[in-house]
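Enquirer: Numbering-wise, the sequence shown is residues 5 to 301 according to our numbering.
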Amino acid sequence: EAWNAFTRKSHFWAPLWITQLFWLIYRSFITVIRDPSVQSIRILQKIAIAVMAGFCYFGVGMGDQRGIQAVQGALFIFVTENTFAPMYSVLAVFPQEMPLYNREYKSGLYDTRAYYISKMIAMMPGLMIEPFIFVMICYWMVGLRPSVYAFLMTAFISMLTMNVSAACGCFFSTAFDSVAMAMTYLVPFDFLLMATAGLFIKLSTIPGYIGWVKYLSWLMYSNEAMSIVQWDGIHNITCEIVDQVNDLPCLTEGSDVLDKYSFSVSHLSRNIFAMIAMYLVFHVLGYFCLRYRSKKK
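1) Check whether the Cβ atoms of Phe26 and Leu203 sit closer than 7 Å, and answer yes or no.
2) What are the uninterrupted segments assigned as alpha helix (DSSP H) that are 4 or more residues long and contained completely in the stretch 11-78, given in chain order?
3) Please state the DSSP three-state secondary structure of Glu257.
4) According to the neighbour-count rule (16 or more other Cβ atoms, all chains shown, within 10 Å of its Cβ), is Lys206 buried or exposed?
5) Could you compute how far the alpha carbon of Met187 sits from the alpha carbon of Lys110?
6) Would you check if there are 3 or more beta carbon pairs closer than 8 Å linking the stretch 170-183 to the stretch 93-110?
7) Just mark Val246 as buried or exposed, buried being the case when its beta carbon has 16 or more other beta carbons within 10 Å.
8) Over what stretch of residues does the alpha helix (DSSP H) that includes Pro135 continue unbroken?
9) How close, in whole Å, do the beta carbons of Leu272 and Ile232 come, if the pair is a contact with beta carbons under 8 Å?
10) Flag this pair as yes or no: are the beta carbons of Thr256 and Ile280 separated by less than 7 Å?
11) Return the chain-ordered list of same chain residues with a C-beta closer than 6 Å to the C-beta of Ser169, the five sequence neighbours on each side being excluded.
12) Does the distance from the C-beta atom of Ser162 to that of Val139 stay below 7 Å?
13) My guess is that Ile141 and Ala54 are in contact by the Cβ rule of under 8 Å, so how many angstroms apart are they, rounded?
14) State the Cα-Cα distance for the pair Asp260 and Ala201, rounded to the nearest angstrom.
15) I need the straight-line Cα distance from Ala171 to Met66, nearest angstrom please.
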């Protein structure tokens, strides 16, 4: 029986790599089509959260001192809503499919690279549609910068944020045998990302021994990029509140707002390229973790 199995495997030629990739992508999309309720629920959930966030910040505008913190809070909602949900939602993807993957991989149907890339591609439509819907609803309700460029850039940065978050989730999903173990390490990692994102503390005041962590935080890159898009070139912030309380700071320029959070206009391109690099790095790490586990099995 062992000889027969060896003979069958030695006479079996795996399909071309591009053929493997095509059918794996096709199978992934068929799975989504057969059960559209999951994606529909996620989109409805995203719409509901966008509407609730929009009502919380409805019409805050950017024209006075009260609006500055409100706008920064709304932008942080954009960042966190497109970070934590996708990151945790993909944690179960690879552990659930490991038995099927191991069986098909060992039979020579496909290689690890084709399988992993097919998963990346299958995730992309949802990772593009969901953040765009969220921004499209919430952006105009909050009253952010009324510019097509600012809106499209905010939507693009939100999409990039969600894709990086999902890539990070894929890495943790492949690195550990179970969702529980992955979450054990992911939760403290998330805390560091959020603490160094630039909303709760001025980045320049973070001690040097921990300050390097901010460069691992795509929340910081995303938050700074969105802030630059909103405040760069703004020159008409009013200070009516200062007449009542003289010791409050008065920020009259968009550049003053960016300086308050240690953000710089020159970092916009850097932030975008850094997030693209993190997306690729997380997926490369995820691929090698999956490959290691398949060889180990």
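A virtual CB, placed ideally from N, CA and C, is assigned to each residue, including glycine.
Since this is a predicted model, take the numbers as computed values, not measurements.
Expert: If we stick to the structure as given:
1) The count along the sequence shown starts at 1 and reaches residue 26 at position 22. The count along the sequence shown starts at 1 and reaches residue 203 at position 199. Against a cut-off of 7 Å, the Cβ pair of Leu203 and Phe26 comes out as no contact.
2) 21-38 and 40-60
3) The residue given as residue 257 occupies position 253 in the sequence shown. Three-state DSSP puts Glu257 in coil, outside helix and strand.
4) Position 202 of the sequence shown holds residue 206. So Lys206 counts as exposed.
5) Along the sequence shown, read from residue 1 onward, the residue named residue 187 stands at position 183. Along the sequence shown, read from residue 1 onward, the residue named residue 110 stands at position 106. Each residue's alpha carbon lies about 29 Å from the other.
6) yes
7) Taking the first residue of the sequence shown as 1, we reach residue 246 at position 242. Confidence in Val246 is poor, its pLDDT being 48 and thus under 50, which makes the residue's placement too unreliable to answer from.
8) Locating residue 135 in the sequence shown gives position 131, counting from the first residue. Residues Thr116 to Val146.
9) Working through the sequence shown from its first residue, we reach residue 272 at position 268. Working through the sequence shown from its first residue, we reach residue 232 at position 228. Confirmed, about 5 Å.
10) For the purposes of this step, residue 256 is taken as residue 252 along the sequence shown, with counting starting at 1. For the purposes of this step, residue 280 is taken as residue 276 along the sequence shown, with counting starting at 1. Their beta carbons are not under 7 Å apart, which means Thr256 does not touch Ile280 by this criterion.
11) Your numbering for residue 169 matches position 165 in the sequence shown. Thr87, Pro90 and Met91.
12) On the sequence shown, position 158 is the one that residue 162 refers to. On the sequence shown, position 135 is the one that residue 139 refers to. Yes, Cβ-Cβ distance for Ser162 and Val139 is below 7 Å.
13) Residue numbering aside, residue 141 sits at position 137 when the sequence shown is read from its first letter. Residue numbering aside, residue 54 sits at position 50 when the sequence shown is read from its first letter. Confirmed, Cβ separation roughly 4 Å.
14) Looking up residue 260 in the sequence shown gives position 256. Looking up residue 201 in the sequence shown gives position 197. Cα to Cα, Asp260 sits roughly 19 Å from Ala201.
15) If you number the sequence shown from 1, residue 171 lands on position 167. If you number the sequence shown from 1, residue 66 lands on position 62. Computed Cα separation, rounded: 33 Å.
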